[in-house]
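Numbering (this note's numbering), first residue to last: 2 to 357.
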């Protein structure tokens with residue numbers, strides 16, 4: 002009889018793509034997989050496309066500010082628990098894996114009521130509000146940062162890193178070069194600010210182009226609607242709004258990476274061992290988790306960091322020059338990391354709990 006698992010997590014791609022990365026490993030271990038997500042967030046599109054049976058449940062957001070929805074959304078969570086409980090009883094999973102997000106709350110609590118063990122994954126250095134609610138009922142909690150282990154319940158935390166899509170590790174440098182019409186005369190910088198882009202990074206990179214292009218070629222993933230048409234034919238510089246196919250080849254081509262400091266993104270960079278400059282979102286634009294993520298990677302010798310408030314053309318050129326000069330130090334440090342085999346580590350935890 003095969004083992005069964007329910008995956009959950011959603012709201013953003015960061016809560017979904019790690020689950021997708023685990024699928025080949027789970028199937029190899031003989032797991033039958035189902036997914037519980039929201040009705041209409043990104044997971045409701047991505048998971049069925051991957052051929053996984055999908056079940057939507059009601060979810061409620063947990064807001065830190067005063068709003069009438071804080072009075073009504075708890076009822077959605079209770080409804081979601083009831084719906085998830087019904088799905089769990091029908092599917093009879095041996096274990097549930099939650100990547101977080103608000104949909105993980107009702108599923109996790111339904112699992113507790115059905116006596117099904119839960120493996121939780123926390124991406125950021127400090128647990129988000131949704132995962133905080135799930136910590137007491139989780140059997141094991143996987144995390145990305147050594148500092149996080151101290152913030153989690155004793156005997157539950159395991160430092161694993163974040164699941165990485167296998168195809169990302171199988172890029173072809175030559176195909177990346179052809180994709181960008183680059184040559185081998187100059188090293189390549191890859192700039193990636195997330196699916197929506199990063200306005201401050203885009204601005205600083207473009208203002209620094211005259212200086213940077215003297216020594217580098219640049220591939221710039223700038224976000225939907227963020228192309229600069231005046232630079233479309235700039236020699237040594239190419240822009241993409243978004244890259245779905247061939248991202249692995251661009252990473253393989255890159256000698257340096259400039260990125261925001263979202264947990265999944267920096268774990269991918271770590272797995273690829275790419276010398277990197279992190280420019281985390283400011284506290285004004287987030288809860289500050291990217292700043293903590295970046296500081297952790299900086300302290301471990303994996304990354305160089307530039308604060309978003311200091312992101313201008315002069316500081317950017319200075320940091321990139323320093324990073325390129327010291328690039329081998331960062332590669333060596335990343336090679337020593339124990340957080341780059343997350344897929345196998347997490348599946349081993351899942352399998353152990355499922356057998357219990």
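From the three backbone atoms N, C-alpha and C, an ideal C-beta is built for every residue, glycine too.
Supposed contact pair residue j and residue i - C-beta distance, whole angstroms, cut 8 Å
i, j, result
"residue 217", "residue 193", "Actually they are not in contact, since the Cβ atoms of residue 217 and residue 193 sit about 15 Å apart, beyond 8 Å."
"residue 59", "residue 80", "4 Å"
"residue 360", "residue 345", "The shown model of the chain, from 2 to 357, leaves out residue 360, and the question about it has no answer."
"residue 159", "residue 141", "6 Å"
"residue 54", "residue 343", "No, residue 54 and residue 343 are not in contact; Cβ-Cβ is about 25 Å, not under 8 Å."
"residue 9", "residue 108", "4 Å"
"residue 219", "residue 238", "5 Å"
"residue 144", "residue 150", "6 Å"
"residue 264", "residue 166", "Going by Cβ atoms, the distance from residue 264 to residue 166 rounds to 15 Å, so no, they are not a contact pair."
"residue 47", "residue 34", "Not quite, the Cβ-Cβ distance comes to about 14 Å (not below 8 Å), so this is no contact."
"residue 314", "residue 215", "Not confirmed; about 13 Å, so no contact."
Close beta carbons around residue i, own chain, < 6 Å, minus the five adjacent residues each side
i, result
"residue 202", "194, 280"
"residue 83", "none"
"residue 266", "260"
"residue 240", "221, 223, 228"
"residue 56", "37, 88"
"residue 188", "217, 256"
"residue 122", "100, 143"
"residue 139", "119, 121"
"residue 258", "191, 270, 275, 277"
For residue i: DSSP bridge partner residues
i, result
"residue 144", "123, 160"
"residue 13", "DSSP, once it has assigned bridges, lists no residue as partnering residue 13."
"residue 265", "DSSP output for residue 265 lists no bridge partner at all."
"residue 238", "219"
"residue 35", "7"
"residue 279", "260, 306"
"residue 56", "37"
"residue 192", "221, 259"
"residue 98", "8, 120"
Same chain only: Cβ atoms within 7 Å of residue i, ignoring 5 sequence neighbours per side
i, result
"residue 168", "249"
"residue 332", "274, 276"
"residue 271", "303, 335, 338, 340, 341"
"residue 283", "309, 310"
"residue 11", "17, 38, 39, 42, 43, 44, 102, 104"
"residue 351", "6, 96, 98, 120"
"residue 205", "312, 313, 314, 317"
Environment of residue i [buried if 16+ CB atoms lie within 10 Å]
i, result
"residue 329", "exposed"
"residue 326", "exposed"
"residue 40", "exposed"
"residue 162", "buried"
"residue 211", "exposed"
"residue 20", "buried"
"residue 51", "exposed"
"residue 118", "buried"
"residue 269", "buried"
"residue 231", "exposed"
"residue 91", "exposed"
"residue 233", "exposed"
"residue 124", "buried"
"residue 245", "exposed"
"residue 236", "exposed"
"residue 356", "exposed"
"residue 86", "buried"
"residue 128", "buried"
"residue 3", "exposed"
"residue 15", "buried"
"residue 154", "exposed"
"residue 300", "exposed"
"residue 94", "buried"
Cβ neighbours of residue i in the same chain (closer than 8 Å, five flanking residues each side left out)
i, result
"residue 131", "63, 101, 102, 103, 105, 106"
"residue 307", "278, 279, 280, 316, 317, 320"
"residue 182", "239"
"residue 200", "227"
"residue 348", "23, 26, 27, 30"
Cβ contact (3+ pairs, closer than 8 Å) linking the region 249 to 263 and the region 175 to 186: yes
Any 3 or more C-beta pairs closer than 8 Å across the region 97 to 112 and the region 128 to 138: yes
The region 291 to 310 / the region 222 to 233 touching (three or more Cβ pairs under 8 Å): no
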